[in-house]
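Peer 1: Take a look at the following structure, please.
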Amino acid sequence: MPSLKKSESLKPESFYSVSQYRSALWRHLRSLTRSLTLDPENREVRSELQTYFQDLEDLEKFWAFPGRSVIQTLKDRLRAREFKTLLNDIGLCLRAFSTSIYRKDNQFALFSGKKQSSREPTTITNYFEVLYVDSFLEKDHDPLRESQRNYGQKQTDFFYGTVSATSYEEAITAILFNPLIQSVVIRYQVAPRNKNGPKKPSYTCFLNNLESSVFQVENKDLITVQLAEQIKQLRPELSIYYVTDDSIKDTPEQWLHAFKRIFFRMEDLQELHISILQDIRDRYKTPFYTALKDYSQKPTGVFHAMPISRGNSVFKSWWMRDFGEFYGRNLFLAETSSTSGGLDSLSQPTGPLKKAQEMAAKAYGSEKTYFVTNGTSTSNKIVLQGLVKPGDIVLIDRECHKSHHYALVQSGAIPVYLDSYKIQPFSIYGAVPIATICKRLEELKAAGRLDRVKMLILTNSTFDGIVYNPFRVMSEVLKIKKDLIFLWDEAWFAFASFSPYLRSRTAMNAARRLLEQRKLETSGQVDKTHLSQSRIRVYATQSTHKTLSSFRQGSVIHVLDEDFNMRVENAFHEAYLTHISTSPNYQILASLDAGRCQAEFEGFELTERAIEMAMNLRHKIATVPLLKKYFHVLKIGETIPQTYRPNAHDDFLEPDQNYTRQGKAWSEDEFAMDPTKITLCISNTGVDGNTFRNLHLMEAFGIQVNKTSRNTVLFMTNIGTTRSSVSYLASVLIKIAENLEHQGEMANREEKKAIQ
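Shown next as structure tokens:
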């Protein structure tokens, strides 16, 4: 059998995410091992297998499953030339990954002889992982981790695996690679970096273009606190604990703020375990969804509105029973007009709805969050009516959503329109440059009208995936108008709050960084700028139902406004009451609550997967010859002029340049590209965008798309996009291309006949 050459496709640089590389590495190990079972004496394959095992061992330390002991067992099989057993064991690992059995069964262990069942467990047990950071950690025999593992496996509602890191660098890498990590325990002193020797681990390419400050240790004496603060910036949902031998009187105040809780010595192991689990339980709470679910199971008598409540008017009907059977009984049990009995009022929340909105505010990084049940069109109207009055000037992107224009009419404000740059060849618009905004403000200032300018409205990301740099925009604009209110329409960008890479371009994150920057200035730690005299007043509206889990019309308003409580709250609340219904849909509210919970625990993992799906689709269209002939995915360079992206490459698909490797561009450039938005140019098909959407996609294949232009169609992936759906779309595009090819051949024949 010919020897296998090292596959070019297994270069880590060619993968879009570390999870994709990890999966490919396991599959390649299986392929090489299968070759050895057929040709045990093939030294080249065996040598290659050993090399990849080292890569795997370097990478797998960031996950609790399958764990170091399993990797060591596999290496022992290779060393002992037990190739058939090794092949079987690798297959068991791959099956465990594909079924996620280790996340469902807290008694599951590889190579235990227990068969992997295809049936779902009868009870729901949620799995997460805990990262331990300690420079002196013994990798194989650590009493703390062993005791915690034993505690974790005894739980009925949650259980966890443990991951270890021995340095600052490893800890940061772990939380960026492993979305299953939900808690971090830092012990004693932490080393800045590992001593990897002359050869860097293969996975480092996924970290190369992160901002240098992420791994830079400013003060070794405060490295533990700096690590905690850096983890909070990257994964704010994580809870961080500290175990120390220092006495409480020697613990600096800064440390008390940095950690959720500090444990002294090893005597509090049980308390540490209990604290970890209690924190997970607290975050897992869904106050309103749980209250509604409990209410639906109570025996009640309805002498109020809504005959449909409890399903009484449906299931006893001769003519409407099919409606009830379609939706199921629980929906009708949860339909009620009651605001008591454990439920709450959206107009004046004091119970579970109030708590649900507070938990949402914490998850998204806002000061306050308001649920809205009739879409972000209404959220936009609430914000405008609550904050501006007749005669106020509002700077607004001319290409923004029409709800903003309606809101301006209702509020009596005067719009000053801002023009986005045009992407002329594709009949789409980009975004509004900072220079355009500042120029218009300077013109208003020169005209003596700056005092009347109240608000700036921008759409982030735009419909076509152009993403602003809110920190830069607000910082520059506040130099001219120090109390300007910013309304960021993030209808299509809610998911970004849960990605370490995308979060910096959200309104709430940018507002928090402005506050932190001003705090440093006022304390004298950095030189003062205009921010020391500015007011930070930021609002964001998001269509949760568009990119996260929520029923249709589920929307939220996020508020981070220094003047809200003293100057705005009453007017805002009146605007809120004006536009919301006194009969809100409880199912939408429950989905907003449950969706927040999912986003906190799974948002990072699911967002990474959505981006990976988008990258896979881009790659497929760019590499299949027939698809390349008729279709073309617009590149970054075709949608964002170079002047606005000095640090970004032209295309996500350039070698070594996927979105995780454009950290400097994402943090500094004026505009960036949302990787989940895929604008497909269809000029070569000879079909216009609207016809392509309706005739070729929807009617022929049932594929729904968001938006079209004269010669483009916009696809987007989200946290619900699956590999099979991406594969289906690719196959549909191939079929369309084949039909076009056939039509072209037939047309050519007719032309030849006419000539003859």
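Following the numbering used here, the numbering of the sequence shown begins with 6 at its first residue and continues without gaps.
Using N, Cα and C, we set each Cβ at its ideal position, and we do this for glycine too.
Note that the structure is predicted; figures quoted are calculated from it, not measured.
(1) Could you tell me the distance, in whole angstroms, from the CA atom of N385 to the CA atom of D494?
(2) How would you write the range of the beta strand (DSSP E) that E134 sits in, first residue to last?
(3) In chain order, which alpha helix (DSSP H) runs of at least 4 residues are fully inside the region 596–678?
(4) What ranges does the beta strand (DSSP E) occupy inside the region 391–426, keeping only unbroken runs of at least 3 residues that lie completely in it?
(5) D568 to P589, Cα distance in whole Å?
(6) If you reduce the DSSP assignment to three classes, tell me which class M311 lands in.
(7) Below 8 Å on the Cβ atoms is my contact criterion, and I expect F606 with Y649 to pass it. Report the Cβ-Cβ distance as a whole number of Å.
(8) L274: which of Y300, T291, P292, Y247 sits nearest, CA to CA?
(9) Considering only residues of the region 162–240, which uninterrupted alpha helix (DSSP H) runs meet the minimum length of 4 residues and lie entirely inside it, listed in chain order?
(10) Which class does V710 belong to by DSSP, given the choice of helix, strand or coil?
(11) Apart from the five residues just before and just after A752, which ones in its own chain have a Cβ nearer than 7 Å to its Cβ?
(12) Helix, strand or coil for Q547? Go by DSSP, reduced to three states.
(13) Please say whether T644 and I401 have beta carbons closer to each other than 7 Å?
(14) To which residues of the same chain is F20 closer than 7 Å at the C-beta, ignoring the five residues directly before and after it?
(15) Express the C-alpha separation of S382 and L423 in angstroms, rounding to a whole number.
(16) Going straight from the alpha carbon of N199 to that of S140, what length do you get?
(17) What number of angstroms, rounded off, separates the C-alpha of P680 from the C-alpha of A619?
(18) Determine the direct distance from the alpha carbon of L536 to that of K484, and round the result to whole angstroms.
(19) Roughly how many whole angstroms lie between the Cα atoms of A170 and Q231?
(20) Could you check the C-alpha separation between Q59 and S172 for me, to the nearest Å?
(21) Given 6 Å as the limit, tell me if F269 has its C-beta closer than that to any heavy atom belonging to the ligand MN.
(22) What three-state label does DSSP hand Y506 in the structure shown?
(23) For the alpha helix (DSSP H) containing W31, list its first residue and its last residue.
(24) Answer yes or no: do T42 and K89 have a C-beta to C-beta separation smaller than 7 Å?
(25) At the level of alpha carbons, what is the spacing between I490 and V543?
(26) Nearest by alpha-carbon distance to G347: which of I313, R523, V393, P292 is it?
(27) Can you check whether the CB of I439 is closer than 7 Å to the CB of I419?
(28) Please state the DSSP three-state secondary structure of K360.
(29) Could you tell me the distance, in whole angstroms, from the CA atom of K298 to the CA atom of A339?
(30) Straight-line CA distance for F4 to F163?
(31) For W166, count neighbouring C-beta atoms within 10 Å of its own C-beta (all shown protein chains included) and say buried if the count is 16 or more, exposed if not.
(32) Three-state secondary structure (DSSP) at R454?
(33) How long is the line joining the alpha carbons of F220 and H410, rounded to whole angstroms?
(34) From L702 to I739, what does the alpha carbon distance come to, in whole angstroms?
(35) Assess, as a yes-or-no matter, whether the region 344–362 is touched by the region 371–378 under the definition of 3 or more beta carbon pairs within less than 8 Å.
(36) Just tell me which of Y506, A595, I616 has its CA closest to the CA of K669.
Peer 2: This is what the structure holds:
(1) Numbered from 1 along the sequence shown, position 380 holds the residue referred to as residue 385. Numbered from 1 along the sequence shown, position 489 holds the residue referred to as residue 494. If you take the alpha carbons of N385 and D494, they lie about 8 Å apart.
(2) Position 129 of the sequence shown holds residue 134. Looking at the DSSP string, the run of the beta strand (DSSP E) that includes E134 is 131–138.
(3) 630–635, 641–644, 668–673
(4) 398–402, 419–423
(5) Along the sequence shown, read from residue 1 onward, the residue named residue 568 stands at position 563. Along the sequence shown, read from residue 1 onward, the residue named residue 589 stands at position 584. The alpha-carbon atoms of D568 and P589 are separated by roughly 29 Å.
(6) For this step, residue 311 is matched to residue 306 along the sequence shown. Correct three-state label for M311: coil.
(7) For the purposes of this step, residue 606 is taken as residue 601 along the sequence shown, with counting starting at 1. For the purposes of this step, residue 649 is taken as residue 644 along the sequence shown, with counting starting at 1. That belief does not hold up - the Cβ atoms of F606 and Y649 are roughly 35 Å apart, past 8 Å.
(8) For the purposes of this step, residue 274 is taken as residue 269 along the sequence shown, with counting starting at 1. Considering only alpha carbons, the answer is Y247.
(9) 173–182, 228–239
(10) By one-based count along the sequence shown, residue 710 stands at place 705. It is coil, neither helix nor strand.
(11) The residue labelled residue 752 in the question sits at position 747 within the sequence shown. Nothing listed; no residue qualifies.
(12) By one-based count along the sequence shown, residue 547 stands at place 542. Correct three-state label for Q547: strand.
(13) Your numbering for residue 401 matches position 396 in the sequence shown. Your numbering for residue 644 matches position 639 in the sequence shown. No; because the gap between Cβ atoms is not below 7 Å, this pair is not in contact.
(14) Position 15 of the sequence shown, counted from the first residue, corresponds to residue 20. Only Y26, A29 meet the Cβ criterion.
(15) Stepping through the sequence shown from its first residue, residue 423 is reached at position 418. Stepping through the sequence shown from its first residue, residue 382 is reached at position 377. Each residue's alpha carbon lies about 20 Å from the other.
(16) The sequence position of residue 199 within the sequence shown is 194, counting from 1. The sequence position of residue 140 within the sequence shown is 135, counting from 1. C-alpha separation (whole angstroms): 9 Å.
(17) Mapped onto the sequence shown, residue 680 falls at position 675. Mapped onto the sequence shown, residue 619 falls at position 614. When rounded, the distance between both Cα atoms is 7 Å.
(18) Numbered from its first residue, the sequence shown carries residue 484 at position 479. Numbered from its first residue, the sequence shown carries residue 536 at position 531. Taking the straight line from one Cα to the other gives about 8 Å.
(19) Reading the sequence shown from its first residue, position 165 is the one you call residue 170. Reading the sequence shown from its first residue, position 226 is the one you call residue 231. Roughly 16 Å between the two C-alpha positions.
(20) Here residue 59 refers to the residue found at position 54 when the sequence shown is read from its first residue. Here residue 172 refers to the residue found at position 167 when the sequence shown is read from its first residue. The straight-line gap from Cα to Cα measures roughly 20 Å.
(21) Questions concerning the ligand MN fall outside what the structure shown contains, since it holds no ligand whatsoever.
(22) Counting from one through the sequence shown, the residue named residue 506 turns up at place 501. In this structure, Y506 counts as coil in the three-state DSSP scheme.
(23) Along the sequence shown, one-based indexing puts residue 31 at 26. It spans 23–43 - the alpha helix (DSSP H) in which W31 sits, taken as one unbroken run.
(24) Sequence index remark: in the sequence shown, residue 42 carries index 37 (1-based). Sequence index remark: in the sequence shown, residue 89 carries index 84 (1-based). Contact: yes.
(25) Working through the sequence shown from its first residue, we reach residue 490 at position 485. Working through the sequence shown from its first residue, we reach residue 543 at position 538. One C-alpha to the other measures close to 6 Å.
(26) Numbered from its first residue, the sequence shown carries residue 347 at position 342. When each option's Cα is compared against that of G347, the closest is P292.
(27) Mapped onto the sequence shown, residue 419 falls at position 414. Mapped onto the sequence shown, residue 439 falls at position 434. Cβ distance not < 7 Å, so I419 and I439 don't count as in contact.
(28) Start at 1 with the first residue of the sequence shown, and residue 360 comes out as number 355. Three-state result, K360: helix.
(29) Residue mapping note: residue 298 aligns to position 293 of the sequence shown, counting from 1. Residue mapping note: residue 339 aligns to position 334 of the sequence shown, counting from 1. Those two C-alpha atoms are separated by around 7 Å.
(30) The chain is shown only over 6 to 761; residue 4 falls outside these bounds and no answer can be derived.
(31) As a working mapping, residue 166 is identified with position 161 in the sequence shown. Sequence check: residue 166 is Gly here, not Trp. That one is buried.
(32) In the sequence shown, counting from the first residue as 1, residue 454 sits at position 449. Of the three classes helix, strand and coil, the one that applies to R454 here is coil, per DSSP.
(33) Translated into the one-based positions of the sequence shown, residue 220 becomes position 215. Translated into the one-based positions of the sequence shown, residue 410 becomes position 405. If you take the alpha carbons of F220 and H410, they lie about 45 Å apart.
(34) By one-based count along the sequence shown, residue 702 stands at place 697. By one-based count along the sequence shown, residue 739 stands at place 734. About 12 Å.
(35) yes
(36) Translated into the one-based positions of the sequence shown, residue 669 becomes position 664. The option with the nearest alpha carbon to K669 is Y506.
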